[in-house]
Each structure stands twice: as C-alpha cells, then as structure tokens.
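Remarks on the structure that follows.
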Amino acid sequence: MKINALKVTAVNIPLLKPYHIAVLGTVESTQSVIVEMHTDEGLIGIGESDPALMFTGESQQTVMTMLQHHLGPAVLGMEPRQIENIHARMAAVTVGNPFAKAAIDLACHDLIGKSFNAPVYQLLGGLVNERIPVMWSLGSDTPENNAADAVAKVEEGYGTIGLKLGLLDPKEDVDRVAAVRKAIGDDIHIRCDANQGWNVGTAVSTIQELENYGVAMVEQPVPKHDLAGMAEVVRAVNIPIGADESLSSPQDALDIINAKAADFFSIKTTKHGGLSPSKKIASMVQTTGGKFFINSMIEMGVSVMSGLHFAASTPRLFEIGHALNSVRRLKDDILKEPAHYEGGEIVVPQDRIGLGVELDEDKMERYQVGHFWVKE
Ligand SMILES: [Mg+2]
-12 MKINALKVTA
-2 VNIPLLKPYH
8 IAVLGTVEST
18 QSVIVEMHTD
28 EGLIGIGESD
38 PALMFTGESQ
48 QTVMTMLQHH
58 LGPAVLGMEP
68 RQIENIHARM
78 AAVTVGNPFA
88 KAAIDLACHD
98 LIGKSFNAPV
108 YQLLGGLVNE
118 RIPVMWSLGS
128 DTPENNAADA
138 VAKVEEGYGT
148 IGLKLGLLDP
158 KEDVDRVAAV
168 RKAIGDDIHI
178 RCDANQGWNV
188 GTAVSTIQEL
198 ENYGVAMVEQ
208 PVPKHDLAGM
218 AEVVRAVNIP
228 IGADESLSSP
238 QDALDIINAK
248 AADFFSIKTT
258 KHGGLSPSKK
268 IASMVQTTGG
278 KFFINSMIEM
288 GVSVMSGLHF
298 AASTPRLFEI
308 GHALNSVRRL
318 KDDILKEPAH
328 YEGGEIVVPQ
338 DRIGLGVELD
348 EDKMERYQVG
358 HFWVKE
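Just so we're aligned, residue -12 is where the sequence shown starts under the numbering used here, counting upward by one.
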C-alpha cells in the first residue's frame, strides 16, 4: 500500500462556552487540522491535530504550512504501515513540530487498523481498559459559578471535577477549590491544572493550601522548561504533581524522569507527535513507576478517539476521571458517529476498525476555514 494523496483541512468549531486558561488566555473555538490520507488501494486514513502555540510553538497555520510544503510531500509514495519509517522520514525533514507530525501518524494508524481489520488499540498492546472514567474541567471563574457548574456536572454523572488555576490570584484559586469541594462533597475527585501559571514559591505555598481540600493531582505548576522547579515542587508537597506542557517528545519524558520532575505524565497523543511516540513515552513511564493522566487539547472527535485507543491499551492510568471528552465542550463535532459515553465513562468501541472514525462531509464543509491537496 502506498500513500498517494493527502487532503488537509483546517476546521474551527465553536466552544459552547469560552474557556479561560492561564497563559493560553480565552479559547473560543477549536483550531484543528484534519488529514485524509488516500492510498493506491482505496483505503483512506483519518488524522487530526490540535496545536497550541504555548505548548510547542505550533498553530493551525504552522501545521497547515508544514503539511503542505514539508511533511506531506515527504510521505507521498511511502507505505503507511511502516510507521517507524514514516517517523524517520518526518524526523529527517524537520525537528520538532509534533502536532503536524501527529496528523500523519494518526492517519497511518487508522490505515494500519483498517488494513488488518482491527481496532487501533489492538496494534498498541491490546485491550487493558474497556471503559475509562471522564472528568469535567472548569475554567477560571468566581467560586460561586465554579461551585454551581461543578454540582451540575456531578449530577450529570461526572466523578471527577477539574479546575484551571494559575490565571487568577492564588488566594482566589484556593477559594474556588474550597467552594467546589464544599459543594460536591468528599466522594468526588478534584484535579487542578495551573498551566505554568506560578513560580516555585507560589506553587509550593498554594499547593500546600490545596492539601486541605482533598485534591488528587496538580498539573504543570511552573513553566515548562523549569524541570528543576518542577522537581522542587514535587519534593515540597503531598499532592501528586504532573507534567503537561513540559512533556511533548519522548526525549522530554526521559528528561523529566531523570530530573524526578513529575509523579504523573499528561498524555495527549497529538502533542507527542502521534500514537507511536506516545507509546514510546508510555514505555519509559511504565518502566520507571510513573502514572498517566489521559489529557486533551481543545480537540474534535478524531483526536479524542486516538486518546481513547491509547488509554484502552495502556496500564497505570491515574485512578480518577480523564479528559477524553473535549467534544462535549464543542457546539458540534465532525464525526458521523461520536464516541459513546455512559454516565461518567467513555466506552472503548470494540466493534470498529482503525481509529473507528468516519467524517461527516456536510459538517467538514460547514466548519472548514481552508483546505488543500498534496498529491504526487
Ligand atoms: Mg494541562
């Protein structure tokens, strides 16, 4: 089988409600890129990417450019099932750019699954988890609004509430967590994400305050490159600390492990360059005793399904709800048949092959903001 064309489409779907996050600011829609990878055997693989400048310096525009001029032409004519060769070719073309590479990696995995008539998780280690609990994340808001939203989400079935911290004054952030804990009781998990919003001193003092409210984890307290600072926070507090922005490549995972800079590792398969590099990260983390939080960008259904296949096939998931529900923040999605949720869980689709996604062409047309073909 040979790749003979790529259709690359930029897709923006509005969020139901603007999302206020430290450093990133306010997010109002997806800024996604969809790849449809055509082959000489007629099979088509689907990939997605959801870049963010604050993570890897990539945007929807840079991903489109990389795919049009560099990565797309480089993989034309290649066998999509030779995923190591595909990644070696992409690495030879450019350093970095994991979000652009992920769109190709996901499309290749979809094709591998389709060509072997198997769901993608079967290619990644087989079924470890049949269903995964999901969480609802609250952006920065008043304590009263966050508490009311948390109660509504718990009533919908969520067993884990996330709070974005690091944008407001630390005292306000602690008040928000306290208000949510009081409103939802002690049986619901709370996780927090500071999105690089603090320095080490503020991180330590604020997280020590959060210890009073049964917080399960705090993600990315300090800037991404400050692994020494992350390690200092890990040593100083009694809540597990995670790396998200700090963790993009397998090399980052090795650096974080060597620096003892995280207790858990936030996986977003598109942030890491796709499923193949994500599994390389997983091997290192599993070997050295860390745990995983399955996270997400502001992403559409293809990326959610990619994260789900990773989660389905990976042991050592953190024992709380994971972020496999970005599509529930969106006004719409591009899939004909979305992922299946039951109560507070997402169910692994064992009866679909490949990534298990089919694009809704009408919605692709409605939400696209540009597209091009890369052909031989
Ligand atoms: Mg995060």
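Beta carbons: idealized from backbone N, C-alpha and C, even for Gly.
Would you mind reading off the limits of the alpha helix (DSSP H) that contains residue 60?
59 to 62
With DSSP run on the structure shown, which of helix, strand or coil describes residue 86?
helix
Check each residue's C-beta against every heavy atom of ligand 1 and list, in chain order, those closer than 7 Å.
180, 182, 206, 207, 231, 232, 253 and 282
Please determine, among 344, 186, 329 and 147, the residue with the shortest C-alpha to C-alpha distance to residue 280.
147
Whose CA, out of 93, 57, 224 and 228, lies closest to the CA of residue 78?
57
Need the endpoints of the alpha helix (DSSP H) that residue 242 sits in, please.
237 to 246
Cross-strand partners of residue 179 (DSSP beta bridge)
150 and 205
Would you call the segment 254 to 262 and the segment 332 to 341 touching, i.e. three or more CB-CB distances under 8 Å?
no
Across which residues does DSSP place residue 35 in a beta bridge pair?
21
Answer yes or no: the CB of residue 252 versus the heavy atoms of ligand 2, is any distance below 7 Å?
Only ligand 1 can be found as ligands here, which leaves ligand 2 out of the picture.
Out of 245, -1 and 5, which has the shortest C-alpha to C-alpha gap to residue 127?
5
Whole-angstrom Cβ separation of residue 243 and residue 230, contact assumed at under 8 Å?
5 Å
Give me the Cα-Cα distance between residue 105 and residue 246, rounded to the nearest whole angstrom.
38 Å
Alpha-carbon spacing of residue 355 relative to residue 48, whole angstroms:
13 Å
If residue 63 and residue 306 are in contact, beta carbons under 8 Å, what's the gap, nearest whole angstrom?
Rounded, the Cβ-Cβ distance is 44 Å, inconsistent with contact.
Completely contained beta strand (DSSP E) runs for the segment 78 to 133, where each covers 3 or more residues:
118 to 120 and 123 to 125
Pick from 93, 137, 130 and 149: whose alpha carbon is nearest that of residue 161?
130
On a Cα-Cα basis, can you pick out the residue from 31, 2, -5 and -10 that is closest to residue 344?
31
Exposure of residue 310, with buried meaning 16 or more beta-carbon neighbours within 10 Å:
buried
What residue does the beta strand (DSSP E) around residue 67 start on, and which one ends it?
That residue, residue 67, is in no beta strand (DSSP E); it is neither H nor E in DSSP.
What would DSSP say about residue 15, mapped onto helix, strand or coil?
strand
Nearest neighbour of residue 211, chosen from 252, 192 and 198 [CA to CA]:
252
Nearest to residue 42 by CA position, among 314, 313 and 283, is which residue?
283
Taking DSSP as the reference, what is the three-state secondary structure of residue 224?
coil
What is the C-beta distance between residue 217 and residue 205, in whole angstroms, given that I count them as a contact (C-beta under 8 Å)?
The Cβ separation is near 11 Å, so there is no contact.
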